[in-house]
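Written below as structure tokens is the structure these notes are about.
Protein chains: 2
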Amino acid sequence: MRAAVIHGSGDVRIDNVPDPKIRDATDVIVRVLCSAICGGDLPRYLSMPTEQAGGRMGHEFIGTVEDVGTDVVRLKPGDLVISPSTWCDNTCEFCAEGLHTSCSRGGVWGYGDADGAQGEAFRVPFADGTLIKLPVPVDSALLPSLLTLADVFSTGHHCALVAGVTRDTSVTVIGDGAVGLCAVLEAKRLGAQKIILMGRHRDRTDLGRTFGADWVIPERGVAGVTRVRDIVVSGTDTVLECVGTKRALATAIGVARAGGTVSRVGMPQYSEGPIGEDLWFRNIALVGGVAPARAYIEELMPDILDGTVDPGRVFDSTITLDEVPAGYSEMASRQVLKAFVRL
Amino acid sequence: MRAAVIHGSGDVRIDNVPDPKIRDATDVIVRVLCSAICGGDLPRYLSMPTEQAGGRMGHEFIGTVEDVGTDVVRLKPGDLVISPSTWCDNTCEFCAEGLHTSCSRGGVWGYGDADGAQGEAFRVPFADGTLIKLPVPVDSALLPSLLTLADVFSTGHHCALVAGVTRDTSVTVIGDGAVGLCAVLEAKRLGAQKIILMGRHRDRTDLGRTFGADWVIPERGVAGVTRVRDIVVSGTDTVLECVGTKRALATAIGVARAGGTVSRVGMPQYSEGPIGEDLWFRNIALVGGVAPARAYIEELMPDILDGTVDPGRVFDSTITLDEVPAGYSEMASRQVLKAFVRL
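Residue numbers (our numbering), protein chains in the order written: chain V, 8 to 350; chain L, 8 to 350.
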């Protein structure tokens, strides 16, 4: 079969790879219907560590079950399913607490010998724990919005949820990528009355306004902090940091109110961050992390099914598997917000 | 009058300084009865920034009101009072939320032109907001325990409280200084069933056991992390970091359970800390900061008055004002845990 493979920095190719087969009795093989390119993979794409050469790409997919292992009980061939961006047994102590990303038997798609979502088929370990059935036909127009449950919409939700966003909290969202926009959507859904979006791409921030942003601030760094504090003098109660750079984190801390919370979901592109005396003296909490999408998919799905939210609007490009290498390039150059891959 | 003044690194002297006088109508002048040397001041003592030369030292005191400004309504001459380690108006938006350390009109004793607690008398701004009356006689044997409310006991409480310690959480306390020991005491008081104390000074960790520690681990760094995980394999739900060094924070993150919380109250002796991919992937929250003692003193006092807790046991040395310079030296060399200064 064909799948996206990374060969070096900026070098993703569609290669012929072995067809996936049932390996363990809890496995399922999924025929991929649609996938996506994630902004969170751009750092890996742009500066691929040597040891990852040959690794598969992509961690968001919807597909149909093709083959099931002998221990699989919840799934059968033909089921339409979605996977979170990690696999999990859904039974360990961490899964039981809703932290499926720390599953003691889990892992992340596209690393080690795991399959990647940008491929024709896929072996899913612990399929009963990992996969969730979708109650729509395979040609549903809702597939793009449902696909965001695999990562970006669930991640925006995680960011707002662990930040403690409520009706009473003011919110700054940093970053106008797909996750930032989904964080706006979720902050709004959680009732936030004041949502400030920091982002520089007009088409994206326009969508952010549609999703619920009350103000858009294009300035970055100190100028951006000043602009936020023109609106909310003491800073906002919660800050949703959806970028992952040290600069974005510094801005997040700068706009946070004393006693407030900075929630970060973008994978840190730094090993050390600015958490010295300022954060400490102002008692600002730093929370968040990789989103356990598995914990949220069933909860968030109804609002997509009934049209309350349409996070699929973050996709501004639809491509084929063969166009995935070009898709990475277009996303890295910010020509495309997020690419939907239809197989 | 005489007061402790810092002249350079390792150089604290008892100088003659001008008597404090009412400056603003909300001021009170307090005659100091007892003070303390704080481990949190040791970094300042050991490596004093040049711009702080001539600054007063000490931020913990109990004393009697000597003179009151015309706008002071809650206090009168003769009242026995305690101050938190910062002053505050107790009316601003932050004070109203219990974050008195971020009071919009507040400040920290011993910085700028503020008086320090190691002196014979003291000008207290916003005295109605700052000071709390003590319902004991001036010669009460409870003064040492009550004095810990000014900082170390309140700080230990803050650390355990914002970490979310409950009956159901396992706890690692890092540091066997006065704050670490008070954090043990507060974790126990909040009901924690498993308390691990990481500290290397036997006399201090013995007191930690008395305060509630179930295990004591003298190893540091990776060896210490391994020892904690021998006891609680996944790491502890909460970690109370009561040191303030980057090494202690790294240990705290190392012993924290995925989805858990690291609460830090020691002033960070670093500008950047290790909050990269590991903290993020494991969804560990970093909370805490300077303790708003003003918010806790009235709540914590009853347990001291009725003998339920005796945090004053952290004082293992009683000295005079003249002995304060030697007291700093003894604390810096770890000969003394915490010095009580009787004026």
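All C-beta atoms in this analysis are idealised placements derived from N, C-alpha and C, irrespective of residue type, glycine included.
Since the model is a prediction, treat every value here as computed from it, not as a measurement.
In whole angstroms, what separates the C-alpha of residue i from that of residue j?
i: Cys95/V; j: Thr162/V; result: 17 Å
i: Cys249/V; j: Gly70/V; result: 28 Å
i: Glu306/V; j: Ile139/V; result: 12 Å
i: Ala157/V; j: Ser92/V; result: 6 Å
i: Glu100/V; j: Thr243/L; result: 14 Å
i: Val232/L; j: Pro299/L; result: 30 Å
i: Asp18/L; j: His66/L; result: 18 Å
i: Ile326/V; j: Arg349/V; result: 6 Å
i: Leu293/V; j: Thr268/L; result: 10 Å
i: Ala255/V; j: Ile181/V; result: 7 Å
i: Leu154/V; j: Met338/V; result: 18 Å
i: Ile89/V; j: Ile304/V; result: 9 Å
i: Cys41/L; j: Cys189/L; result: 20 Å
i: Glu127/V; j: Asp221/V; result: 41 Å
i: Arg236/L; j: Trp116/L; result: 40 Å
i: Thr57/V; j: Ile13/V; result: 10 Å
i: His208/L; j: Asp183/L; result: 7 Å
i: Gly136/V; j: Cys102/V; result: 9 Å
i: Arg264/L; j: Thr179/L; result: 11 Å
i: Leu149/V; j: Leu87/V; result: 13 Å
i: Glu62/L; j: Pro50/L; result: The identity of residue 62/L in the sequence shown is Gly, whereas the question assumes Glu. About 14 Å.
i: Gly187/V; j: Lys201/V; result: 15 Å
i: Met274/L; j: Thr98/V; result: 40 Å
With burial defined as no fewer than 16 other Cβ atoms inside 10 Å of the residue's Cβ, what is the status of residue i: buried or exposed?
i: Val39/V; result: buried
i: Asn290/L; result: buried
i: Asp122/L; result: buried
i: Gly46/L; result: buried
i: Val331/L; result: buried
i: Ser16/V; result: exposed
i: Arg211/L; result: buried
i: Arg301/V; result: buried
i: Asn23/L; result: exposed
i: Asp48/L; result: buried
i: Gly105/V; result: exposed
i: Glu193/L; result: buried
i: Gln125/L; result: buried
i: Lys83/V; result: exposed
i: Ser54/V; result: exposed
i: Thr217/L; result: exposed
Can you pull the chain L residues whose beta carbon is under 9 Å from the beta carbon of residue i, in chain order?
i: Ala10/V; result: Per Cβ cutoff of 9 Å: no residues; Ala10/V is ~25 Å from chain L at best.
i: Pro144/V; result: Within chain L, no residue comes near Pro144/V; the closest Cβ sits about 35 Å away, beyond 9 Å.
Which residue from the options puts its Cα closest to that of residue i?
i: Ala346/L; options: Ile203/L, Phe322/L and Gly251/L; result: Phe322/L
i: Arg30/V; options: Asp120/V, Leu197/V, Gly17/V and Val348/V; result: Asp120/V
i: Val72/L; options: Thr212/L, Val37/L, Ala124/L and His208/L; result: Val37/L
i: Ala185/L; options: Leu214/L, Thr315/L and Pro142/L; result: Leu214/L
i: Val80/V; options: Lys201/V, Val35/V, Glu100/V and Val246/V; result: Val35/V
i: Gly251/V; options: Gly76/V, Tyr118/V and Ser270/V; result: Ser270/V
i: Ala167/V; options: Pro225/V, Val272/V and Gly261/V; result: Val272/V
i: Gly280/L; options: Gly266/L, Ile260/L, Ser336/L and Val297/L; result: Ile260/L
i: Ala257/L; options: Ile202/L, Ile282/L and Ser241/L; result: Ile282/L
i: Glu284/L; options: Gly206/V, Gln276/V, Leu312/V and Ala43/V; result: Gln276/V
i: Pro6/V; options: Gly206/V, Gly114/V and Leu286/V; result: Here chain V has residues from 8 to 350 only, and residue 6/V is not among them.
i: Val316/V; options: Gly295/V, Val246/V, Lys195/V and Trp287/V; result: Lys195/V
i: Leu247/L; options: Leu344/L, Leu204/L and Gly219/L; result: Leu204/L
i: Asp74/V; options: Asn97/V, Phe68/V, Pro27/V and Tyr52/V; result: Pro27/V
i: Arg20/L; options: Val343/L, Ser340/L, Gly334/L and Gln342/L; result: Gly334/L
Please list, in chain order, the chain V residues whose beta carbon lies closer than 8 Å to that of residue i.
i: Ser278/L; result: Pro281, Gly283 and Glu284
i: Arg289/L; result: Ser109 and Gly296
i: Glu104/L; result: Gly266
i: Arg271/L; result: Trp287
Taking Cβ-Cβ distances shorter than 7 Å, what residues in chain V pair up with residue i?
i: Arg301/L; result: The contacting residues do not exist; Arg301/L stays about 13 Å from chain V at best.
i: Met274/L; result: Glu284 and Trp287
Strictly below 8 Å CB to CB, what residues from chain L border residue i?
i: Leu293/V; result: Ile282, Ala292, Leu293 and Val294
i: Arg234/V; result: Simply none; closest approach about 21 Å.
Using a Cβ cut-off of 9 Å, pull out every chain V residue sitting near residue i, in sequence order please.
i: Pro50/L; result: Result: empty, since nearest Cβ-Cβ is about 11 Å, beyond 9 Å.
i: Phe218/L; result: Simply none; closest approach about 24 Å.
i: Phe133/L; result: Chain V residues near Phe133/L: none, gap ~18 Å exceeds 9 Å.
List the residues of chain L whose Cβ lies closer than 7 Å to the Cβ of residue i, in chain order.
i: Phe160/V; result: Residues of chain L passing the Cβ test: none, with the nearest at roughly 18 Å.
Fill in: Length at least 4, wholly inside the segment 46-106 of chain V: the alpha helix (DSSP H) runs in chain order
49-53 and 100-103
Practice prompt. List in chain order: all unbroken beta strand (DSSP E) runs of 3+ residues lying wholly within the segment 199-275 of chain V.
Written response: 201-205, 222-224, 243-248 and 263-271
Fill in: alpha helix (DSSP H) segments (min. 4 residues) lying fully within the segment 130-206 of chain V
Secondary structure within the segment 130-206 of chain V: the alpha helix (DSSP H) runs of 4 or more consecutive residues, fully enclosed, are 134-137, 150-154, 159-170 and 185-196 (chain order).
Item to complete: Mind listing, in chain order, the continuous beta strand (DSSP E) runs of no fewer than 3 residues lying wholly within the segment 299-335 of chain V?
Response: 324-326
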